[in-house]
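Worksheet: the structure to be examined is printed underneath.
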Amino acid sequence: MSYPACEDDIKMIEITVSSIENTERSITKGSDEHLDLILDIRDGLSENTFLIRKVVDDIEQHFNSYTVEKAQNLLAKIFPVFNLTKSINALIEKLGLSNA
Numbered sequence: 437m438s439y440p441a442c443e444d445d446i447k448m449i450e451i452t453v454s455s456i457e458n459t460e461r462s463i464t465k466g467s468d469e470h471l472d473l474i475l476d477i478r479d480g481l482s483e484n485t486f487l488i489r490k491v492v493d494d495i496e497q498h499f500n501s502y503t504v505e506k507a508q509n510l511l512a513k514i515f516p517v518f519n520l521t522k523s524i525n526a527l528i529e530k531l532g533l534s535n536a
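Going letter by letter, the sequence shown gives residues 437 to 536 in the numbering used here.
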């Protein structure tokens, strides 16, 4: 039996992880570059925020339709989001951009 809602949520998580990874790379690169890169980072962070909000909303909306197996798969996919956001927060703090 297929659960398209869960599969859509997993795809959304994968897109979010990819977006966060790209933002992390931009922050690392942007710390030695010009304003254009800083603006790219800001745009990346805005996109990350939107994607994370969408993932949370989708999971909340479809939560009752998940089987145990699908929920476990979803959890395995979402853990990189937590680690990547911690990494981005640490980079922002390290670069002194948290109050900018």
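A virtual CB, placed ideally from N, CA and C, is assigned to each residue, including glycine.
Does DSSP put residue i in a helix, in a strand, or in coil?
i	result
residue 452	helix
residue 533	coil
Could you tell me the boundaries of the alpha helix (DSSP H) in which residue i lies?
i	result
residue 521	504 to 530
Around the C-beta of residue i, are 16 or more other C-beta atoms found within 10 angstroms, so that it is buried, or is it exposed?
i	result
residue 484	buried
residue 460	buried
residue 503	exposed
residue 475	exposed
residue 385	Past the edges of the chain, shown from 437 to 536, lies residue 385, and the structure says nothing about it.
Please name the residue, chosen from the options, that lies closest to residue i on a Cα-to-Cα basis.
i	options	result
residue 511	520, 495, 500 and 526	495
residue 490	449, 500 and 509	449
residue 462	501, 534 and 524	524
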